[in-house]
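If you read the sequence shown in our numbering, its first letter stands for residue 17, the second for the next number, and so on.
Beta carbons: idealized from backbone N, C-alpha and C, even for Gly.
From a predicted model like this one, the values you see are computed outputs, not experimental measurements.
This report concerns only the one structure given below.
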Amino acid sequence: MLTAEQVEAYRNDGYLRASGIFTAEELEELQREMDFIVDEWWGEESIGWKGPWRDHYLPAGEQENTRAVFIANPQFYSAAWGRIIFHRRLTECVRALVGSAVQWHGTILHAKPPERGTPFPMHQDYPFYPHDGPDFVDCLLHLDDAPEASGCLQVVPGSHKEGPLEHVTGDHTRPYLPPEKYHPDKVASVPVPAKAGDVIFFSYLTIHWSDMNRTGGWRRSVRIGYHDAAMRPIFVKPTDPYPNLVVAGLKRRGTQSRLTYKVTGQGQEQHLKQPARA
Ligand SMILES: O=C(O)CCC(=O)C(=O)O
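So this is what it looks like as structure tokens:
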């Protein structure tokens, strides 16, 4: 699906916009089922991400006055959104970017309602879900056209090469980069406007942000995260459960244990001793 030039651009810039991954019918089904999920399951809106970053990104009268609809795991409610996790053309694109075996990490809707849809501060996605390697790609699937005025994604090209950066964190805020150094007024970023159906692939190390949606229409996009199956989440012990969903290719054994049962002569499963770790 992706050309060598596109893969090269992603490696250099840390992001890539691609069209034509989904058919018109697939997009229409995803839009319709997302409308259903939001109507049926989501009763409230919030202002968006909370935190002191709002003082630096919004005028005084608007700091508490933005709106957002977020919904994680749409596959809990819709089969179309379950199938998207394994979507062949999408996962083949991801495979070209992060490695031959790919694992799914998560799916979340970020919707900016009309006129005062929330902005997002400059940040990397790494502090939200740190893993032990760089090959983690977020796919921003657009359900609506996202011109610049709608608060489209903005990225700092090449910033993924800096590796994980220190963010402002704490119970009072979502992670964001310190605005004294990292702010759209101080660091050059480029808007990445998109059409409905487009996907923006970006590294979880790429610095990005987005402005308010000031248009009269919704700006809905769904972020689907994938990573090289050889990587693991840093704060999840190998013995703790987590999705572990391989969506493309075959995961090699690495440091993980072999399965621990075999079928005996009587057709019964017999549990064996755990082998030593490789
Ligand atoms: O959708 C946006 O405008 C930004 C989303 C974002 O910052 C993220 O997914 O980490």
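Which one of the options has the shortest CA to CA distance from residue i?
| i | options | result |
| --- | --- | --- |
| I124 | H158, R269, G233, Q79 | H158 |
| W97 | K197, R190, E44, A25 | E44 |
| P209 | Q22, E24, A25, R33 | R33 |
| L181 | P90, K197, R268 | K197 |
| P137 | V184, P254, D244 | V184 |
| S94 | S166, A112, D51 | D51 |
| V110 | P200, G241, G167, N260 | G241 |
| Q47 | R236, F217, E61, R99 | R236 |
| F299 | R268, G133, E56 | The structure shown does not extend to residue 299, since the chain is modelled only from 17 through 294, so no value can be given for it. |
| R190 | Q140, G149, A212, M228 | Q140 |
| V23 | L113, I53, M228 | L113 |
| G149 | V262, I63, I250, T231 | I250 |
| A264 | A20, H147, V118, V238 | V118 |
| T231 | S205, Y258, K128 | K128 |
| E108 | V262, V252, F144, T222 | V262 |
| Y145 | H121, A162, L156, C155 | H121 |
| H103 | R83, H224, H147, C155 | C155 |
| P200 | N229, L74, R248 | L74 |
| V54 | K253, M247, V238 | V238 |
Identify the continuous beta strand (DSSP E) that holds residue i and give its terminal residues.
| i | result |
| --- | --- |
| C155 | 152-158 |
| A34 | 31-34 |
| F92 | First-last for F92: undefined, no H or E at that position. |
Heavy atom of ligand 1 less than 6 Å from the Cβ of residue i, yes or no?
| i | result |
| --- | --- |
| D160 | no |
| F217 | no |
| F86 | no |
| L266 | no |
| S226 | yes |
| H126 | yes |
| L221 | no |
| S237 | yes |
| F38 | no |
| D214 | no |
| D141 | yes |
| F136 | yes |
| L157 | no |
| L261 | no |
| L181 | no |
| L169 | yes |
In the DSSP assignment, find the unbroken alpha helix (DSSP H) run with residue i in it and report its ends.
| i | result |
| --- | --- |
| G98 | 95-99 |
| L43 | 40-57 |
| A88 | Here A88 belongs to no alpha helix (DSSP H); instead the beta strand (DSSP E) covers 85-88. |
| H72 | 70-73 |
Could you pull the DSSP bridge partners for residue i from this structure?
| i | result |
| --- | --- |
| Y192 | V184 |
| D229 | The amino acid occupying residue 229 in the given sequence is Asn; Asp does not appear at that position. In the DSSP output, where bridge partners are listed per residue, N229 has G133. |
| F217 | L32, C155 |
| H103 | Per DSSP, none; premise fails for H103. |
| P209 | DSSP output for P209 lists no bridge partner at all. |
| H224 | H139, V171 |
Those runs of the beta strand (DSSP E) which lie wholly inside the segment 233-273 and span at least 3 residues: Unbroken beta strand (DSSP E) runs of no fewer than 3 residues, entirely contained in the segment 233-273, are found at 235-244, 261-264, following chain order.
Uninterrupted beta strand (DSSP E) stretches inside the segment 106-182 (no shorter than 3 residues): Counting whole runs of 3 or more residues, the segment 106-182 contains the beta strand (DSSP E) stretches 118-128, 136-139, 152-158, 169-171.
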